[in-house]
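Notes follow the structure.
2 protein chains.
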Amino acid sequence: MKVTIYDVAKVAKVSIATVSKVINQTGSISEKTRNRVLKVMEDLNYKPSVVASALTGKRTNTVGLLIPDLANPFFAEIARSVEDRGHEAGFNLMICSTDNDPDKESEYISLMRRKSVDGIILASGLISDTAVKQLIDHQIPVAVIARDLPVLAVNAVLVDDFAGGYMAASHLLSLGHRRIGVVAEDLRLLSSQERVRGYRHALEEAGVAIDDGLVRVSDFTIEGGRRAALELLQLPDRPTALFACNDLLAIGAMRAAKELGLAIPEDLSVVGFDNTILAEIVDPGLTTVAQPIVNMGRQVVDLLIEEMQGEEKPARRVVLLPRLVERNSTAPARS
Amino acid sequence: MKVTIYDVAKVAKVSIATVSKVINQTGSISEKTRNRVLKVMEDLNYKPSVVASALTGKRTNTVGLLIPDLANPFFAEIARSVEDRGHEAGFNLMICSTDNDPDKESEYISLMRRKSVDGIILASGLISDTAVKQLIDHQIPVAVIARDLPVLAVNAVLVDDFAGGYMAASHLLSLGHRRIGVVAEDLRLLSSQERVRGYRHALEEAGVAIDDGLVRVSDFTIEGGRRAALELLQLPDRPTALFACNDLLAIGAMRAAKELGLAIPEDLSVVGFDNTILAEIVDPGLTTVAQPIVNMGRQVVDLLIEEMQGEEKPARRVVLLPRLVERNSTAPARS
DNA sequence: ATGAAAGCGCTAACAG
DNA sequence: CTGTTAGCGCTTTCAT
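Top line first, the protein sequences correspond to chains S and W. Numbering-wise, this note's numbering puts 25 at position 10 of the first sequence, and it's gapless, one number per residue. Numbering-wise, this note's numbering puts 77 at position 62 of the second sequence, and it's gapless, one number per residue.
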């Protein structure tokens, strides 16, 4: 059978309270007793039950992480950085992939509550405001990463998506491109809207007319990016550059170009977003707007921890600046 | 405050036992009472505490997943497939990245026990036999994926690594290559050894002399693969083909080739292992030995579930056959 | 069909 | 410094 605090107490000839105290380093215990208890715990290979201690109101030392898709390198990298920081802070991650499905999101949030996680980190997209509000109302620490929930007072860390879109477009403009297509993610995501807005702003600023036909909405997959790009590239007056709102889409766009016999960057420039490992690996290397993933991971965890410690600070939004990483998928427009 | 079973009982004017019974669909409850209780649970937005119910001996509906690195696409894909199947079966994943560090592995295993997971899936490499044996002794369901622990009676699903290595080498041999280098993973991993053994076997069978200098051990990173390949490619009589024991290493090898001005596949053929998304994305497309990741994920979960249901079947090893996916990184050797 | 009560393993007063 | 005891929220006999 499982060895419990009672077993330890019995063998060490003390009360369970004493054992509890040495486990938690609370109260005051004589050196001698402590060592005896410690030894017995060792001998019996005793592992205090987190479940039991949680029931008395202590932490579970696990936090939930909701992301759209673990198999998507961007989110896998986010998850890893959150995990690392979490490990330092002493907790584990319960990870759930939602596929950006609001039903799954609600289901998982509810599940996390039932499992008494100490907090929840949200990277998944469409979470309904009410679901999040419920968490807040129930005092469950929440922090958001790589997504914005502007209406709610929630701790969040994200990049300036507007600036990112602006940087991408400006880069292409500075290379002389004038017809710049966009392969956007699901526009229900605020971050997507912002990226497109940044793009638009750059164009306006440069005095380039905006052609709404040049913006195509896609899903989150390479295949989706490919299809959207295919449409754009078969337009009568095809764009000479494409801004894809994430690296996966950008790769799909590169595929589309290849199919149509367009060379990158000679015939078509492409810029992505995220700077995942994929951007580094495709050929030609993908010029992309980098999110500081590791840093973002650290920061959400830190925000969450503050919250878990009950500090009643007002919610903060940490907005990091993205950075353009130039590789070889962009070049001057042909004159 | 949190709403408990007592609150529900009070409002519904029944005992907590009755509420418990409607929650768990046990005992027999009149239609009328059931509906009343259900309604109250709804109204109060009551969520039964998994922690409390676990303390009474029921499942936590969470299983631990130990992998080397969540940011590694192969393991991220494994994790996702395990998660999906787990979701169907009603449980969540607690995911831990171990970096193949035995200390972390033990630490995490111990932690999972403290947290009363219902079972553990191991994909991490070096887990000491004693750690696993402890789990088995304590009747904790364990299943292994993509790794072999041959000494122990543990449920496992893995590909035939030997066959995979053999396929990779045979493919290169059939293209006329005779000097075939190997970029191996950490040889403490049985799977690595097997892949190399398969390679050796293919060479022997083909009557090609084996040159141990052609096998370089690396870590799990692109950079490691690059370095190892660089050494191999600078050998006086350099290999015309490379077998890299995973896709990441293969990509490193491709980088090395590029640095040395070698064209792939004209000057150098490269084959990888795993068939992650990376193999599809690099240019040229990487010929690689595919592991049926999704299928593997399903199968471990199913094995684990059998175990959790207490079926005292002897441990099974499901060995799947890998499959060579030919892309454009391999070509006939120059004559 | 329903309820009373004894735990599950641990924590936290409180008493001594 | 150490022990007694009352919960934490739920499950499960066992009565009724």
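Even glycine gets a Cβ: it sits at the ideal position worked out from N, Cα and C. None of these values were measured; they are calculated from a predicted model.
inquiry  = Could you tell me which whole alpha helix (DSSP H) segments of length 4 or greater appear in the segment 276-331 of chain W?
reply    = 292-296, 308-323
request  = For Leu141 (chain S), go through chain W and note every residue whose CB falls closer than 8 Å to its CB, in chain order.
outcome  = Going along chain W, no residue has its Cβ under 8 Å from Leu141 (chain S), so there is no contact; the nearest lies around 18 Å.
query = Per DSSP, Ala161 (chain W) forms a beta bridge with which residues?
reply = None, per the DSSP bridge assignment.
ask   = How many Å lie between Ala27 (chain S) and Leu263 (chain W) at the Cα?
value = 52 Å
ask   = According to the neighbour-count rule (16 or more other Cβ atoms, all chains shown, within 10 Å of its Cβ), is Thr41 (chain S) buried or exposed?
value = exposed
task = Put Val197 (chain W) into one of helix, strand or coil per three-state DSSP.
result = strand
key: Range of the contiguous beta strand (DSSP E) that encloses Met109 (chain W)   = 107-112
task = Taking Ser131 (chain S) as the query, report the chain W residues whose CB atoms sit under 8 Å from its CB, ordered along the chain.
result = Ser64, Val65, Val66
inquiry  = Pull the bridge partners of Asn170 (chain W) from the DSSP assignment, please.
reply    = W:Ala158
query = Roughly how far, in whole angstroms, is the beta-carbon of Ser233 (chain S) from the beta-carbon of Leu301 (chain S), given that I think they are within contact range, below 8 Å?
reply = That belief does not hold up - the Cβ atoms of Ser233 (chain S) and Leu301 (chain S) are roughly 17 Å apart, past 8 Å.
query = Going by DSSP, which residues form a beta bridge with Phe258 (chain S)?
reply = S:Val197, S:Val286
query = How long is the line joining the alpha carbons of Thr303 (chain S) and Val309 (chain W), rounded to whole angstroms?
reply = 30 Å
message = Cutting at 8 Å between CB atoms, please list the residues of its own chain near Gly228 (chain W), excluding the five before and the five after it.
response = Leu250
N- and C-terminal bounds of the alpha helix (DSSP H) containing Leu247 (chain S) = 237-248
Any C-beta of chain S under 9 Å from that of Asn107 (chain W) = yes
ask   = For the segment 220-244 of chain W, which residues have a beta carbon sitting closer than 9 Å to at least one beta carbon of chain S?
value = Ile237
query = Going straight from the alpha carbon of Tyr181 (chain S) to that of Arg212 (chain S), what length do you get?
reply = 8 Å
task = Verify the CB distance criterion: does Lys17 (chain W) have a CB-CB separation below 9 Å to chain S?
result = yes
task = Have a look at W:Ala146, W:Val333, W:Asp317 and flag the residue whose alpha-carbon is nearest the alpha-carbon of Glu103 (chain W).
result = W:Asp317
request  = Figure out for me which residue from W:Leu188, W:Gly140, W:Leu187, W:Leu126 has the closest Cα to the Cα of Gln208 (chain W).
outcome  = W:Gly140
query = Does the beta carbon of Ser351 (chain W) come closer than 9 Å to any beta carbon on chain S?
reply = With chain W covering only 16 through 350, there is no way to say anything about residue 351 (chain W).
request  = Anything in chain S within Cβ reach of Asp116 (chain W), meaning under 9 Å, just list it in chain order.
outcome  = In chain order: nothing, as chain S lies at least about 12 Å away.
ask   = Whose CA, out of S:Tyr214, S:Ser350, S:Arg241, S:Val198, lies closest to the CA of Glu281 (chain S)?
value = S:Ser350
message = So Arg74 (chain W) contacts chain S; which residues on that side make the cut at Cβ distance below 8 Å?
response = The premise fails here: Arg74 (chain W) is roughly 11 Å from chain S at the closest Cβ pair, so nothing lies under 8 Å.
ask   = Do you know how far the Cα of Gly105 (chain W) is from the Cα of Val37 (chain W)?
value = 19 Å
key: Proximal chain W residues relative to Leu85 (chain S), where beta-carbon distance stays under 7 Å   = Ala91, Ala94, Arg95, Glu98
message = Which residue wins for smallest C-alpha separation from Leu275 (chain S), given the options S:Arg241, S:Glu295, S:Leu188, S:Glu327?
response = S:Arg241
ask   = According to the Cβ coordinates, are Ala221 (chain S) and Ala244 (chain S) closer than 9 Å?
value = no
ask   = Start and end of the alpha helix (DSSP H) containing Gly179 (chain W)?
value = 176-189
query = Could you give the distance in angstroms between the alpha-carbon of Val285 (chain S) and the alpha-carbon of Phe177 (chain S)?
reply = 18 Å
ask   = Looking at C-alpha atoms only, which residue of S:Pro165, S:Leu205, S:Arg128 is the closest neighbour of Leu150 (chain S)?
value = S:Arg128
query = What is the residue span of the beta strand (DSSP E) that Leu339 (chain W) lies within?
reply = 338-340
request  = List the residues that DSSP assigns as beta-bridge partners of Val334 (chain S).
outcome  = S:Leu173
ask   = What are the partner residues of Thr77 (chain W), as DSSP defines its beta bridges?
value = W:Asn107
query = At what residues does the beta strand (DSSP E) containing Arg203 (chain S) begin and finish?
reply = Run containing Arg203 (chain S): none; DSSP gives neither H nor E here.
message = Looking at the strands, I want to know which residues DSSP matches up with Arg231 (chain W).
response = W:Val198
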